[in-house]
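Okay, so here's the structure we're looking at.
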Amino acid sequence: MSSVRCAGLAALVGGILCLVLTPIQAYIWSGADAPPLVLASRPLLDQSRRLHEAVGPRLGLSDYYFYGRMFCLVYLLAMPGLIGLHARQARGGGRGEKAWFRALLAALVAALIGDVVAYWGGTDLGNLQGLGFTLEVLALLAVLVSSGFYGRATLRSHVVPRWSTWLLILAGPAAVLGVFVTGYVPHGAVLPFSLAVAVVGFFLLAREPDRAAPNSLLADA
69 MSSVRCAGLA ALVGGILCLV LTPIQAYIWS GADAPPLVLA SRPLLDQSRR LHEAVGPRLG
129 LSDYYFYGRM FCLVYLLAMP GLIGLHARQA RGGGRGEKAW FRALLAALVA ALIGDVVAYW
189 GGTDLGNLQG LGFTLEVLAL LAVLVSSGFY GRATLRSHVV PRWSTWLLIL AGPAAVLGVF
249 VTGYVPHGAV LPFSLAVAVV GFFLLAREPD RAAPNSLLAD A
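The sequence shown runs 69 to 289 under the numbering used here.
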């Protein structure tokens, strides 16, 4: 399997993981007061409770931190998908595409750092966790803005269907809807972006890489 296809697979897995973790964490936070769409995922919530009961106590983690610590993988797995999309465009993306790709990747790294600090910096909701959460939210805003401009810069590349690129463009406005239907930040805000990258990843996985694409995903980064 080529490196671009592996990147697409990673992005697809990351989107699925975000889709699974979002209602779980939203329910853990809000309980019976969670939005109806979250409560409608009762079978998933029941399975998540059983998994935590079997594993969580051995790790000394509450359900909030048990599932919260998994979310860093969503950011990590999105990165290869974006790098793969950038590599498929090779040198035809133009200066705007390259600039917004770098901005988006940098924002994702910052969001990842904030998430790790928030969920791995201890098991008490103290100042360190608050700092990490603040960094993550600010970085997430940068991710959503950069995603819109990056998607716009890739519209003419035809590497993936135009409608999938539009998902990247609309991830920012859709984040508001994501927070509304889940009642939880950052997961609800990340969900539209993560699913957009997953769709892009699917097409990277399904299509043969261009022969002109560089061997290294980071060759033109």
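Note that beta-carbon positions come from the ideal geometry of N, C-alpha and C, so glycine has one too. None of these values were measured; they are calculated from a predicted model.
Problem - Start-to-end residues for the alpha helix (DSSP H) that takes in F139 - result: Within the sequence shown, residue 139 is the residue found at index 71, counting from 1. Unbroken run through F139: none, as it is neither H nor E.
Handout entry: Neighbour-count burial assignment, T222, 16 or more Cβ in a 10 Å radius
Key = For the purposes of this step, residue 222 is taken as residue 154 along the sequence shown, with counting starting at 1. Here T222 is buried: its Cβ has 16 or more other Cβ atoms, across all protein chains shown, within 10 Å.
Practice task
Inspect the beta-carbon positions of V211 and A175 and report whether they are closer than 7 Å.
Solution key: As a working mapping, residue 211 is identified with position 143 in the sequence shown. As a working mapping, residue 175 is identified with position 107 in the sequence shown. Yes, Cβ-Cβ distance for V211 and A175 is below 7 Å.
Handout entry: Member of G128, V268, H154, A274 whose CA lies at the smallest distance from the CA of A167
Key = Locating residue 167 in the sequence shown gives position 99, counting from the first residue. Checked all of G128, V268, H154, A274; the closest Cα to A167 is H154.
Problem - Sequence-distant residues of its chain with Cβ nearer than 6 Å to L113 (five each side left out) - result: The residue given as residue 113 occupies position 45 in the sequence shown. Within the same chain, L113 has close Cβ partners Y95.
Problem - Where the alpha helix (DSSP H) through L191 begins and ends - result: Taking the sequence shown and counting its residues from 1, one reaches residue 191 at position 123. According to the sequence shown, residue 191 is Thr rather than Leu. Segment: none, T191 is in no alpha helix (DSSP H) and carries neither H nor E.
Problem - Short Cβ contact (7 Å threshold) for L90 with T233 - result: Within the sequence shown, the letter at position 22 stands for residue 90. Within the sequence shown, the letter at position 165 stands for residue 233. Checking the displayed sequence, the identity of residue 90 turns out to be Thr instead of Leu. Cβ distance not < 7 Å, so T90 and T233 don't count as in contact.
Practice task
Decide if E121 is buried, meaning its Cβ has at least 16 other Cβ atoms within 10 Å, or exposed.
Solution key: Reading the sequence shown from its first residue, position 53 is the one you call residue 121. The residue is exposed, with fewer than 16 neighbouring Cβ atoms inside 10 Å.
Practice task
Identify which residue in A178, R275, F248, I237 has its Cα closest to the Cα of L263.
Solution key: Taking the first residue of the sequence shown as 1, we reach residue 263 at position 195. Here the closest residue by C-alpha is I237.
Problem - Integer-rounded CB distance, given that V265 should sit under 8 Å from A146 - result: Taking the first residue of the sequence shown as position 1, residue 146 is located at position 78. Taking the first residue of the sequence shown as position 1, residue 265 is located at position 197. Right, the Cβ-Cβ distance comes to about 5 Å (below 8 Å), so this counts as a contact.
Problem - Beta-carbon contacts of L273 that lie in its chain and below 6 Å, excluding the five residues immediately before and after - result: As a first step, residue 273 is located in the sequence shown; it is residue number 205 there, counting from the start. Taken in chain order, the residues that qualify are R73, G76, L77.
Problem - 8 Å Cβ shell around S130 - same chain, five flanking residues per side excluded - result: Here residue 130 refers to the residue found at position 62 of the sequence shown. Result list for S130: G124, T191, in chain order.
Practice task
Identify whether Y132 lies in helix, strand or coil by the three-state DSSP scheme.
Solution key: The residue you call residue 132 lines up with position 64 of the sequence shown. Three-state DSSP puts Y132 in a helix.
Exercise for the section: Let me know if R126 comes out buried or exposed under the rule of 16 or more other beta-carbons within 10 Å of its beta-carbon. Expected result: For the purposes of this step, residue 126 is identified with residue 58 of the sequence shown, where counting begins at 1. So R126 ends up on the exposed side.
Handout entry: L263 - DSSP class collapsed to helix/strand/coil
Key = Within the sequence shown, residue 263 is the residue found at index 195, counting from 1. Looking at L263 - three-state DSSP - the assignment turns out to be helix.
Handout entry: L105 - DSSP class collapsed to helix/strand/coil
Key = Walking along the sequence shown from the start, residue 105 turns up at place 37. Three-state result, L105: helix.
Practice task
Note the first and the last residue of the continuous alpha helix (DSSP H) segment covering T222.
Solution key: Position 154 of the sequence shown, counted from the first residue, corresponds to residue 222. Here T222 belongs to no alpha helix (DSSP H), and DSSP marks it neither H nor E.
Problem - the stretch 131 to 138 / the stretch 195 to 213 touching (three or more Cβ pairs under 8 Å) - result: no
Problem - Exposed unless 16 or more other CB atoms sit within 10 angstroms - verdict on Q93 - result: Here residue 93 corresponds to residue number 25 of the sequence shown, with the count starting at 1. Q93 comes out buried.
Handout entry: Span separating the alpha-carbon of P148 from that of R170
Key = Translated into the one-based positions of the sequence shown, residue 148 becomes position 80. Translated into the one-based positions of the sequence shown, residue 170 becomes position 102. Using only the alpha carbons, I get a separation of about 13 Å.
Problem - L259 versus L245, S214, F270, residue with shortest Cα-Cα distance - result: Your numbering for residue 259 matches position 191 in the sequence shown. Ranking the options by Cα distance to L259, first place goes to L245.
Problem - Which listed residue (V267, R230, F261, V247) has its alpha carbon closest to that of P104 - result: In the sequence shown, counting from the first residue as 1, residue 104 sits at position 36. Comparing Cα positions, the closest option is V247.
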